[in-house]
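Each residue of the sequence shown is one higher than the one before, starting from 1010 at the first, in my numbering.
Each residue gets a CB set at the ideal place from its N, CA and C atoms; glycine is no exception.
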Amino acid sequence: MLKKIVVLGILMLFILSACNSSTMSIKEIENVPKDLQEYVNSSLRLQSINDGEKGYYIIFHSTGEVEAYLETQGDKLNIMFNETNLKDEVIKQNTYYVTTGPEHEMIDVLVNGESIPFDNMTVQ
């Protein structure tokens, strides 16, 4: 009987831990959905388009290769872009889908460690 109680307690602990885990993620995608494509402006370096749910399409234009990842600092979510191999060639659209958790009240974007503002933010 004691084993069942201990196993049940551990199972409940795992379930509660999973419910409390953050849902932040970043995923590179080819393009924003067609119904949102009209909001993308290729002359802007950094855009955010809220999909009306809990996610954001982040559009970052660059002439180099881009690596993206997330970091948190308290209630702030940092979207980190590392640009390498910059060239004076064609600007490439890099599109990411970012989800945040309820604990994130702010989003900051850093390119090679330097904070940059969004040129445009669209909310659906």
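Our two residues, residue 1067 and residue 1057, have alpha carbons roughly 5 Å apart in a direct line.
Your pair residue 1069 and residue 1103 checks out as a contact, with CB atoms roughly 5 Å apart and the cut at 8 Å. Remark: C-beta atoms of residue 1086 and residue 1113 approach each other more closely than 8 Å.
Residue 1106 places its beta carbon less than 8 Å from that of residue 1064. Beta-bridge analysis with DSSP links residue 1034 to 1108. Assignment of residue 1063 by DSSP, reduced to helix, strand and coil, places it in the coil class. In this structure residue 1108 is in contact with residue 1034, their Cβ atoms being roughly 5 Å apart against a cut-off of 8 Å.
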